[in-house]
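Heads up: the structure comes next, in structure tokens.
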Amino acid sequence: MINFFRKKNSLFLFFAYNSLAFTFFLIIFLLFPKLDIIISNFFFLEGKFLSDKYIFIKDLRAFLKNLMICIPILALVFLLKNIIDKKRKIIDRIKFRTKFFCIGLILGPILGSGLIANLYFKENWGRARPVHIEEFGGTKNFTPAFIKSDQCETNCSWISGETSAAFSFVMGTIILKNSLFFVLNIILGILVFFCRLTMGGHFFTDNIFSVIFMFYIAIIYRILVSKFFK
């Protein structure tokens, strides 16, 4: 399975499509901010979110969280094993792309989910989660996307940390020639996206802009690797 990113101008096209998506969703949700409530309402039945009715969603979320913890750990172990394995000759060491693939799997969650999503946005934006707002049985007021608020003190809704973590792995999978890992990465991200919506943990905009922001980080990483480390 050949990677789309091997094609000429593919990275520019990825950047262009991502920017187009950013502009589209930004305009739509600035003009119609309550679309977030409408979308969340599709997953809110009989006074509760789908995850309270279908417990497998919570089990799936727990599995995906553990998987996202294991991925960077395994990547780190693989890198360290290669470094300390002095019996192997230099020419047998892991290939350039594989090395930066692993580094991307480690740095992605640290930068994307850790610093950008959790440390910056979630601790400073103050947006209440869907499950906490009045429309879904809570006590907090709804805040549109991109608007700072005082409805949440810590670990807030904007943006999704778990969706950011899932799509931050694109920082690594965008490096490979074979697109299999990239496709698996997208599937992982979609599943996490689904879980966060159906649990009332995040609005659609919390998730979709997490995806877009992580794609930008992946593009920057790919450019830096191509420019300075080849």
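Its first residue numbered 1215, the sequence shown is counted upward by one per residue in the numbering used here.
In this text, a Cβ means the ideal position worked out from N, Cα and C, and glycines have one as well.
As the structure is a prediction and not an experimental result, all values here were calculated from the model.
Nearest-angstrom Cβ-Cβ length linking residue i and residue j, presumed shorter than 8 angstroms
i     : j     : result
C1370 : R1410 : The Cβ separation is near 13 angstroms, so there is no contact.
L1293 : G1386 : That pair is no contact at about 11 angstroms.
K1267 : L1259 : 7 angstroms
G1414 : A1379 : Contact flag wrong, Cβ pair sits at about 19 angstroms.
Element boundaries [alpha helix (DSSP H), containing residue i]
i     : result
E1367 : Note, E1367: premise wrong, no alpha helix (DSSP H); not H, not E.
A1379 : G1375 to S1382
S1233 : S1224 to L1245
D1273 : F1270 to I1298
Y1430 : F1418 to F1442
K1309 : Run containing K1309: none; DSSP gives neither H nor E here.
Length of the line joining the Cα atoms of residue i and residue j
i     : j     : result
F1395 : D1299 : 26 angstroms
P1358 : F1236 : 16 angstroms
T1419 : K1336 : 14 angstroms
E1367 : L1240 : 25 angstroms
L1390 : L1329 : 25 angstroms
P1247 : L1234 : 19 angstroms
I1388 : K1441 : 15 angstroms
C1284 : L1244 : 37 angstroms
F1383 : L1278 : 13 angstroms
L1438 : N1255 : 41 angstroms
F1453 : K1295 : No statement about residue 1453 is possible, as the shown extent of the chain runs from 1215 to 1444 and does not include it.
I1404 : F1423 : 13 angstroms
W1372 : I1401 : 22 angstroms
L1290 : F1263 : 37 angstroms
Spatial neighbours of residue i in its chain, beta-carbon cut-off 6 angstroms, leaving aside the 5 residues before and after
i     : result
V1425 : F1381
F1429 : N1232
I1433 : F1229
In DSSP terms, what residue i is bridged to
i     : result
L1259 : K1262
K1354 : I1347
Chain-order list of residues whose beta-carbon lies under 8 angstroms from that of residue i (same chain, five-residue window excluded)
i     : result
N1355 : A1342, I1347, E1348, S1363 and Q1365
Any C-beta of chain B under 8 angstroms from that of residue i
i     : result
K1309 : Checking the listed chains, one finds no chain B in this structure; it contains a single protein chain.
Cβ shell of residue i (< 7 angstroms), same chain only, five flanking positions each side left out
i     : result
F1407 : T1377 and N1421
R1275 : C1409 and M1413
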